[in-house]
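Right, one structure below, let's go through it.
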Amino acid sequence: MDSMLNQIPLPFIRIKSNYEVVDTSEQARNEFPSVKSFLDLIDRDSREKAKKLISPAHRTFNLELNLLTKEHPLALFDVYGKWTADEEANIIVVSKDTRLQKVEGQLMTLQKRLRNTNFELYEKNEELEESIARTNRLSGPFITLSDEVALVPIFGDLFEEKLQAVRKNIYDAVYGGEFDNVLIDFTGVGIVKKEGLQGIREIFLALEYMGVQVIIIGIQPQHAQQMKSFKEELNMTYIQSAKEAIRRFLIES
Numbered sequence: 041m042d043s044m045l046n047q048i049p050l051p052f053i054r055i056k057s058n059y060e061v062v063d064t065s066e067q068a069r070n071e072f073p074s075v076k077s078f079l080d081l082i083d084r085d086s087r088e089k090a091k092k093l094i095s096p097a098h099r100t101f102n103l104e105l106n107l108l109t110k111e112h113p114l115a116l117f118d119v120y121g122k123w124t125a126d127e128e129a130n131i132i133v134v135s136k137d138t139r140l141q142k143v144e145g146q147l148m149t150l151q152k153r154l155r156n157t158n159f160e161l162y163e164k165n166e167e168l169e170e171s172i173a174r175t176n177r178l179s180g181p182f183i184t185l186s187d188e189v190a191l192v193p194i195f196g197d198l199f200e201e202k203l204q205a206v207r208k209n210i211y212d213a214v215y216g217g218e219f220d221n222v223l224i225d226f227t228g229v230g231i232v233k234k235e236g237l238q239g240i241r242e243i244f245l246a247l248e249y250m251g252v253q254v255i256i257i258g259i260q261p262q263h264a265q266q267m268k269s270f271k272e273e274l275n276m277t278y279i280q281s282a283k284e285a286i287r288r289f290l291i292e293s
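To convert a position in the sequence shown, counted from 1, into the numbering used here, add 40.
See below:
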């Protein structure tokens, strides 16, 4: 279990209901200083907010927090968590720094374009970026089938930017509900880039540690071959068609 925990490409922290840290992944140990209480990582001004939301009274939680890291006094993170029957919370944190860097880069580009008075080019580029971002978000919609079952049909080629959008769709929905099974439909997937394969593995690992079973639907031979490297370490179920998966997990359950 510990070796698998250390393979999660995002910082993972397990805490008790009194916020005592009981386990961390290698990624978390690299990112954050060693503390006895999870509260010690949280910005003082945000601790009361965190106590209200990170509580066994809420089975799942999703919030933004400024956390103490080894490199920065405070850095902004998305914090996703889910409580277990043993009143321990499994927490995954996702840095927002890359998104902030992207915004800063866009602002610098804007300033340069303003200096060149090239407003038309800027507006067209912004429209294109928004169109691409929207397409990525729609390439992996999270469809609720019941209180416990959801379907995520993925379309097109898989690359890093698209997987980031799909991952956010899944994380936001899963940590806002009480889903036990997520059906991920690969029928419409084209080429899977190397970084896209890593993104898929990251999503599967995160869902498994949050107690959600992943069911893979309509996987093609070339995709099965690509995912062979991490098939044995993950508890995934493979079903050929969405119709069969829905019948098994929705109608017969």
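Ideal Cβ placement from N, Cα and C applies to all residues, glycine included.
**Request:** Could you round the C-beta distance between residue 282 and residue 225 to whole angstroms and report it? I think they count as a contact, below 8 angstroms.
**Result:** In the sequence shown, residue 282 corresponds to position 242, counting from 1. In the sequence shown, residue 225 corresponds to position 185, counting from 1. About 5 angstroms separates the two Cβ atoms, so the contact holds.
**Request:** In the DSSP assignment, find the unbroken alpha helix (DSSP H) run with residue 261 in it and report its ends.
**Result:** In the sequence shown, counting from the first residue as 1, residue 261 sits at position 221. Unbroken alpha helix (DSSP H) run through residue 261: 261 to 266.
**Request:** Mind reading off the beta-carbon distance from residue 122 to residue 115? Whole number of angstroms is fine, and I expect it under 8 angstroms.
**Result:** Along the sequence shown, one-based indexing puts residue 122 at 82. Along the sequence shown, one-based indexing puts residue 115 at 75. About 23 angstroms separates the two Cβ atoms, so there is no contact after all.
**Request:** Out of 217, 105, 200, point me to the one whose CA is closest to residue 183's CA.
**Result:** Sequence index remark: in the sequence shown, residue 183 carries index 143 (1-based). Across the set 217, 105, 200, the C-alpha of 217 shows the shortest separation from the C-alpha of residue 183.
**Residues near residue 119 in its chain [Cβ-Cβ closer than 6 angstroms; skip 5 each side]** = As a working mapping, residue 119 is identified with position 79 in the sequence shown. Taking C-beta separations shorter than 6 angstroms and ignoring five residues to either side along the sequence, the partners of residue 119 in its chain run 103, 105, 133, following chain order.
**Asked** Taking C-beta to C-beta, are residue 87 and residue 79 nearer than 8 angstroms?
**Response** For this step, residue 87 is matched to residue 47 along the sequence shown. For this step, residue 79 is matched to residue 39 along the sequence shown. Yes, the pair counts as a contact, with Cβ atoms nearer than the cut-off.
**Item:** Buried versus exposed, by CB contacts within 10 Å (16 or more), residue 264
**Value:** As a working note, residue 264 is residue 224 in the sequence shown. The Cβ neighbour count for residue 264, taken over all protein chains shown within 10 Å, is under 16; the residue is labelled exposed.
**Message:** Using 8 angstroms as the threshold, is the C-beta distance between residue 219 and residue 188 below it?
**Reply:** Position 179 of the sequence shown, counted from the first residue, corresponds to residue 219. Position 148 of the sequence shown, counted from the first residue, corresponds to residue 188. In this structure, residue 188 lies closer than 8 angstroms to residue 219 by Cβ.
**Asked** Name the DSSP beta bridge partners of residue 250, please?
**Response** As a position in the sequence shown, residue 250 is number 210, starting the count at 1. Answer is none; residue 250 lacks a bridge partner.
**Message:** Tell me the rounded alpha-carbon separation between residue 208 and residue 185.
**Reply:** On the sequence shown, position 168 is the one that residue 208 refers to. On the sequence shown, position 145 is the one that residue 185 refers to. In a straight line, the C-alpha of residue 208 is about 19 angstroms away from that of residue 185.
**Request:** Note down the Cα distance separating residue 53 from residue 246, rounded to an integer number of angstroms.
**Result:** On the sequence shown, position 13 is the one that residue 53 refers to. On the sequence shown, position 206 is the one that residue 246 refers to. Linking residue 53 to residue 246 through their CA atoms gives a straight-line distance of about 12 angstroms.
**Item:** Whole-angstrom distance between residue 82 and residue 75, CA atom to CA atom
**Value:** Within the sequence shown, numbered from 1, the residue matching residue 75 stands at position 35. Within the sequence shown, numbered from 1, the residue matching residue 82 stands at position 42. Taking the CA atoms as reference points, residue 75 sits about 11 angstroms from residue 82.
**Asked** Roughly how many whole angstroms lie between the Cα atoms of residue 113 and residue 70?
**Response** Locating residue 113 in the sequence shown gives position 73, where the first residue counts as 1. Locating residue 70 in the sequence shown gives position 30, where the first residue counts as 1. Answer to the nearest angstrom: the Cα atoms are 15 angstroms apart.
**Request:** Taking the CB atoms as reference points, tell me whether residue 277 and residue 243 lie closer together than 8 angstroms.
**Result:** For the purposes of this step, residue 277 is taken as residue 237 along the sequence shown, with counting starting at 1. For the purposes of this step, residue 243 is taken as residue 203 along the sequence shown, with counting starting at 1. The answer is no: Cβ separation not under 8 angstroms.
**Range covered by the beta strand (DSSP E) that runs through residue 211** = Start at 1 with the first residue of the sequence shown, and residue 211 comes out as number 171. It is not in any beta strand (DSSP E) - residue 211 instead sits in the alpha helix (DSSP H) that spans 200 to 214.
**For residue 114, the first and last residue of its enclosing beta strand (DSSP E)** = By 1-based counting over the sequence shown, the position of residue 114 is 74. Membership of residue 114 in any beta strand (DSSP E) is not indicated, and neither H nor E is assigned to it by DSSP.
**Request:** Within the same chain, show all residues whose beta-carbon is closer than 8 angstroms to that of residue 233, passing over the 5 residues directly before and after it, in chain order.
**Result:** Residue 233 sits at position 193 when you count from the first residue of the sequence shown. Correct list, in chain order: 197, 198, 199, 200.
**Message:** Please classify residue 193 as buried or exposed, where buried requires at least 16 other C-beta atoms within 10 Å of its C-beta.
**Reply:** Numbered from its first residue, the sequence shown carries residue 193 at position 153. With 16 or more Cβ atoms within 10 Å of its Cβ, residue 193 is classed as buried.
**Item:** Outcome for residue 124 when other beta-carbon atoms lying within 10 angstroms are tallied against a minimum of 16
**Value:** The residue labelled residue 124 in the question sits at position 84 within the sequence shown. So residue 124 counts as exposed.
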